[in-house]
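Engineer:
2 protein chains.
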Amino acid sequence: MGEPQVKHDVFQAIADPTRRKLLKLLADKEMPVTMISGHFPMSRTAVSKHLRILSEAGLVKERRVGRENRYRLDPEPLVELKRWYGYFERFWENKMAALQLLVESDDPVE
Amino acid sequence: MGEPQVKHDVFQAIADPTRRKLLKLLADKEMPVTMISGHFPMSRTAVSKHLRILSEAGLVKERRVGRENRYRLDPEPLVELKRWYGYFERFWENKMAALQLLVESDDPVE
DNA sequence: ACGAAATGAAACCATTTGGTTTCGTATATA
DNA sequence: TATATACGAAACCAAATGGTTTCATTTCGT
Numbered sequence: 559m560g561e562p563q564v565k566h567d568v569f570q571a572i573a574d575p576t577r578r579k580l581l582k583l584l585a586d587k588e589m590p591v592t593m594i595s596g597h598f599p600m601s602r603t604a605v606s607k608h609l610r611i612l613s614e615a616g617l618v619k620e621r622r623v624g625r626e627n628r629y630r631l632d633p634e635p636l637v638e639l640k641r642w643y644g645y646f647e648r649f650w651e652n653k654m655a656a657l658q659l660l661v662e663s664d665d666p667v668e
Numbered sequence: 559m560g561e562p563q564v565k566h567d568v569f570q571a572i573a574d575p576t577r578r579k580l581l582k583l584l585a586d587k588e589m590p591v592t593m594i595s596g597h598f599p600m601s602r603t604a605v606s607k608h609l610r611i612l613s614e615a616g617l618v619k620e621r622r623v624g625r626e627n628r629y630r631l632d633p634e635p636l637v638e639l640k641r642w643y644g645y646f647e648r649f650w651e652n653k654m655a656a657l658q659l660l661v662e663s664d665d666p667v668e
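Chains X and Z, in that order, give the protein sequences.
The working numbering numbers the first residue of the first sequence as 559 and each following residue consecutively.
The working numbering numbers the first residue of the second sequence as 559 and each following residue consecutively.
1. Within the same chain, show all residues whose beta-carbon is closer than 6 angstroms to that of X/D664, passing over the 5 residues directly before and after it, in chain order.
2. Put Z/P575 into one of helix, strand or coil per three-state DSSP.
3. Would you mind stating whether X/V618 and X/L584 have Cβ atoms separated by less than 8 angstroms?
4. Please identify the residue among Z/E634, Z/F649 and Z/M589 whose C-alpha is closest to the C-alpha of Z/G616.
5. Quick check on this structure: which residue in Z/L609, Z/A573 and Z/Y643 has the alpha carbon closest to the alpha carbon of Z/L631?
6. Answer yes or no: does any C-beta atom of chain X fall closer than 8 angstroms to that of Z/E561?
7. Just to confirm the assignment, what range does the beta strand (DSSP E) spanning Z/E588 have?
8. Got a sec: which bits of the segment 621–637 of chain X sit with their beta carbon under 7 angstroms from any beta carbon on chain Z, in order along the chain?
9. Tell whether a beta-carbon distance below 8 angstroms holds between Z/Y629 and Z/M600.
10. Strictly by DSSP, which residues pair up with Z/K619?
11. Rounded to whole angstroms, how far is the Cβ of X/V591 from the Cβ of X/N627, which I believe are closer than 8 angstroms?
Shown next as structure tokens:
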């Protein structure tokens, strides 16, 4: 019983650029740690720690398969982000109308 | 010429809960620093440093009026946030449909 | 049975972060 | 003019962050 006691929340989790890249990488593919770390200019252990933080925030799920640990995105906690953002939508009136068009076009960011 | 050279980006800026509260506080009201800091259990100087970070990220605008420095929300950089999570929306298909309803209802978060 | 692969835990380190208190300066007001 | 108010800069500090290397454990493939 009691709260889920998450150590890192979504906002903290996505604050780091490496972790944002991790989420994109794991968005459509499930991958084991060593393969994941091949995409980053740091040690496997460092990547592993980032994955841990993402996992604490609920943004990735891990699945043990033999000796490897496979990770995959779980986008569900991003809803909190969307809600938070949604609160502010009421505050930009005219200014945002133009920029909204930019958002609608879905060229990838980062 | 050259990039705007922002020290703190939006993701870092909103990672801290105090700064998220600041944004909500300044969403519809322009306020001077001392009045703002009255809403937080820390020194005026500490609040001032948070405001500086938000300012670097472009999320607040400051305006000098006499001896006071008035701050107000500028939501424009939040568009980057929307674009970012917008990328992931294509990855939550069925699961998100239900939660979407929650988002649409606008009870305040935090 | 044995060696290699996959991983996390632990200890360690430098830098950043979030807070403090003190001080100087500009502006308002009595 | 003198005093009080509003604020940021600076120096400082403890804890968190993001990285490293080393080591032990589990599992796979000969």
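We treat Cβ as the ideally placed atom computed from N, Cα and C, and that holds for glycine.
Predicted, not measured: the structure shown is a model, and the values here were computed from it.
Structural biologist: On the basis of the data shown:
1. At X/D664 the pLDDT is 48, less than 50, meaning the model places this residue with poor confidence; the figure from the coordinates comes in the next sentence. Closer than 6 angstroms at Cβ, skipping near neighbours: no residue.
2. helix
3. With a cutoff of 8 angstroms on beta-carbon distance, X/V618 and X/L584 are scored as near each other.
4. Z/E634
5. Z/L609
6. The pLDDT assigned to Z/E561 is 39, lower than 50, so where the model puts this residue is not dependable; a value taken from the coordinates is nonetheless given after this. No - not a single Cβ of chain X is within 8 angstroms of the one on Z/E561.
7. Counting along the chain, Z/E588 falls outside any beta strand (DSSP E), and DSSP gives it neither H nor E.
8. L631, P633, E634, L636 and V637
9. no
10. Z/R630
11. Right, the Cβ-Cβ distance comes to about 5 angstroms (below 8 angstroms), so this counts as a contact.
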